[in-house]
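Heads up: the structure comes next, in structure tokens.
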Amino acid sequence: MNPILLTGMHGTVAPAVAAELQKRGAAVVAWDRRRVPPERPEEARAFLDSVQPSAVVHCAMGDPGWAAWLAQACARQDRPFLFTGSASVYGKHQTGPFTPDQVPEPDDDYGRYKLDCERRVREANPGARIVRLGWQIALRPGGNQMVDFLCRRHAERGHIHASTAWFPACSFLHDTARVLVDVLERFEPGTYLLDGNPGMDFFQIVTALDRAMRAGWTIHATDDFRFNNLMRDDRLPRAALSLG
Ligand SMILES: NC(=O)c1ccc[n+]([C@@H]2O[C@H](COP(=O)([O-])OP(=O)(O)OC[C@H]3O[C@@H](n4cnc5c(N)ncnc54)[C@H](OP(=O)(O)O)[C@@H]3O)[C@@H](O)[C@H]2O)c1
Numbered sequence: 100m101n102p103i104l105l106t107g108m109h110g111t112v113a114p115a116v117a118a119e120l121q122k123r124g125a126a127v128v129a130w131d132r133r134r135v136p137p138e139r140p141e142e143a144r145a146f147l148d149s150v151q152p153s154a155v156v157h158c159a160m161g162d163p164g165w166a167a168w169l170a171q172a173c174a175r176q177d178r179p180f181l182f183t184g185s186a187s188v189y190g191k192h193q194t195g196p197f198t199p200d201q202v203p204e205p206d207d208d209y210g211r212y213k214l215d216c217e218r219r220v221r222e223a224n225p226g227a228r229i230v231r232l233g234w235q236i237a238l239r240p241g242g243n244q245m246v247d248f249l250c251r252r253h254a255e256r257g258h259i260h261a262s263t264a265w266f267p268a269c270s271f272l273h274d275t276a277r278v279l280v281d282v283l284e285r286f287e288p289g290t291y292l293l294d295g296n297p298g299m300d301f302f303q304i305v306t307a308l309d310r311a312m313r314a315g316w317t318i319h320a321t322d323d324f325r326f327n328n329l330m331r332d333d334r335l336p337r338a339a340l341s342l343g
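Numbering-wise (the numbering used here), the sequence shown opens with residue 100 and increments by one.
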């Protein structure tokens, strides 16, 4: 079986996806941008030809053109392509829980960038799978995820302000990886919303994480930030937060 190609392996999500794929017996190859810059099409093409991936999971940030190019290469070869989108495509003026039929209206550069990537991927490859993710959680500091943010915030300020009026889309990284691989392996093409939050507000989440990790954080409840970007998608298994 040819390997599955992953981009963004220096990031947070891709290594978890790689671990899940390997657990299921798949071989994985990382796209090393230092060795093969995506903006050099000939080198990129030669690299893809040498790997002959059986599927591509595109987790890296970077040029939307790269995402579209990869998506198109997979379409030509009839290989599955999965792109990790973001709940940030929904603007603050929109209120969740969002469902797949709702049209995102991003209100910041990151959200607009992610939506642009989605559009370019869909145009290049109608068979692509796009999965919008919420904020990732791992029960340790490090990486681009909620607990790392909370640890740094507490170290800087000696406390954490957590709004009871904020309902963030989020999921544990290992649950996210499991669902992404499920979608890659056996779900129809389309755009999916992956959110494990059963309806907890940010204060409840931070309190539960503090308990689970025995972190000893000082947490103040506020209601200054009001936002609900929960997502619901009945096609996906609920990657429950299970924070207890
Ligand atoms: N982490 C979250 O909470 C979260 C939430 C929602 C959505 N997502 C989405 O999930 C995907 C992965 O997220 P992540 O948290 O793993 O991201 P990350 O930690 O920020 O890493 C993204 C990776 O993309 C690559 N990259 C960064 N800048 C780049 C550039 N200018 N051009 C090309 N590649 C670049 C790098 O990997 P290499 O050096 O290996 O190429 C980097 O490690 C992203 O698409 C993100 O939008 C993440």
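Every residue, glycine too, gets a C-beta built ideally from N, C-alpha and C.
Cutoff 8 Å; reference residue i; Cβ partners in own chain excluding five residues on either side
i	result
glutamate 142	Val135, Pro136
leucine 181	Ala154, Val155, Val156, His157, Ala227, Arg228, Ile229, Val230, Leu279, Val282, Leu283
Alpha carbon of residue i to alpha carbon of residue j, nearest angstrom
i	j	result
alanine 167	valine 220	5 Å
proline 240	aspartate 247	4 Å
serine 187	tyrosine 209	7 Å
leucine 283	proline 225	14 Å
threonine 198	arginine 132	35 Å
glycine 190	glycine 298	19 Å
asparagine 296	phenylalanine 146	39 Å
arginine 311	histidine 258	The sequence as given places alanine at residue 311; arginine does not occur at that position. In a straight line, the C-alpha of alanine 311 is about 17 Å away from that of histidine 258.
proline 152	arginine 256	46 Å
threonine 290	leucine 335	11 Å
alanine 338	arginine 331	11 Å
arginine 313	threonine 306	10 Å
glutamate 287	threonine 183	15 Å
leucine 238	glycine 164	34 Å
isoleucine 304	arginine 252	15 Å
histidine 273	glutamine 121	13 Å
leucine 340	glycine 315	20 Å
glutamine 193	leucine 342	27 Å
tryptophan 130	arginine 285	24 Å
Residue i classed as buried or exposed, judged by whether at least 16 other C-beta atoms fall within 10 angstroms
i	result
asparagine 243	exposed
asparagine 101	exposed
serine 185	buried
histidine 109	exposed
glycine 233	buried
aspartate 333	exposed
aspartate 309	buried
valine 202	exposed
alanine 261	buried
alanine 254	exposed
proline 179	buried
aspartate 200	exposed
aspartate 56	An answer regarding residue 56 cannot be provided, because it is not within the stretch 100 to 343 covered by the chain.
Other residues of its chain near residue i: CB distance less than 6 Å, five sequence neighbours each side excluded
i	result
threonine 263	Asp300, Phe302, Ala320, Asp322
phenylalanine 266	Asp300, Asn327, Leu329
phenylalanine 271	Ile236
arginine 211	Pro205
arginine 325	Ala264
arginine 346	Here the chain covers residues 100 to 343 and nothing more, so residue 346 does not appear.
cysteine 250	Pro240
CB of residue i within 8 Å of CB of residue j, strictly
i	j	result
alanine 115	alanine 276	yes
glutamine 235	threonine 317	no
leucine 293	valine 278	yes
aspartate 162	glutamate 138	yes
valine 156	leucine 214	no
valine 150	valine 127	no
cysteine 216	methionine 245	no
alanine 159	glycine 107	yes
alanine 174	alanine 113	no
alanine 118	isoleucine 103	no
Same chain, Cβ closer than 7 Å to residue i, five either side skipped, listed in chain order
i	result
alanine 172	Leu147
Original post:
Going along the chain, which residues put their C-beta within less than 5 Å of some heavy atom in ligand 1?
Top reply: Gly107, Met108, His109, Gly110, Thr111, Val112, Arg132, Cys158, Ala159, Met160, Gly161, Thr183, Ser185, Leu232, Trp234, Gln235, Asn243
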